[in-house]
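Student: Following the working numbering, the residues of the sequence shown are numbered contiguously, the last one being 192. Virtual Cβ for every residue (Gly too), placed ideally from N, Cα, C. Input: one structure, supplied below.
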Amino acid sequence: MSRNRKDVVTLFDVFCEVGATLDGGVAVILQKYPDDFNHEQTLKSVAQFSFPCGVDDYNMETVQLFSFVLTDEKSQYTYAFCRHTPHNNTCICILSGLPWANVFYKILNHISTVMNNRPVCQDFEL
């Protein structure tokens, strides 16, 4: 019996940018798309798993791509694909019912390029 979700109707459930609070202590969702995604427990888990070693422990020199799996009350999987950028204390993540790691890592790399090339004063809209 597969634990992959059968109710998948979109490519992804939510895109999130996770970062540190102003005091630097806790990981929080900085932005998400769609804005009306309101599964609070899922968002809390994304914030926690995006920085498994804490928000202050990311002094890396290379891009880090990783994934984790959330299990719902029906024991079905939601896959999370994440990207940390060197010298940037944020993580971008895509949650999906589809286990397509290579596809989502390519999308995350493209989103990161777009986000890093936008003018500083411009808000990013997906």
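Measuring alpha carbon to alpha carbon, tell me which residue in Glu-83, Asp-101, Phe-147 and Tyr-99 is nearest Ala-254.
Tutor: As displayed, the chain neither begins before 67 nor continues past 192, which places residue 254 out of reach and without an answer.
Student: Could you check what DSSP says for Ile-173 in three-state terms: helix, strand or coil?
Tutor: In the sequence shown, the residue the question calls residue 173 occupies position 107. DSSP places Ile-173 in helix when its eight states are reduced to three.
Student: In whole angstroms, what separates the C-alpha of Arg-71 from that of Thr-128?
Tutor: Walking along the sequence shown from the start, residue 71 turns up at place 5. Walking along the sequence shown from the start, residue 128 turns up at place 62. Roughly 33 Å separates the two Cα atoms.
Student: Kindly indicate which residue of Cys-148, Thr-151, Pro-165 and Asp-138 has the alpha-carbon position closest to the one of Glu-106.
Tutor: As a working mapping, residue 106 is identified with position 40 in the sequence shown. When only C-alpha atoms are compared, the closest one is Asp-138.
Student: Count the other C-beta atoms from every protein chain shown that fall within 10 angstroms of the C-beta of Thr-87, then say buried if there are 16 or more, exposed otherwise.
Tutor: Within the sequence shown, residue 87 is the residue found at index 21, counting from 1. Exposed.
Student: Could you tell me which uninterrupted beta strand (DSSP E) segments, each at least 3 residues in length, are contained entirely in the region 79-129, listed from first to last along the chain?
Tutor: Here the runs fully enclosed are 80-86 and 93-99.
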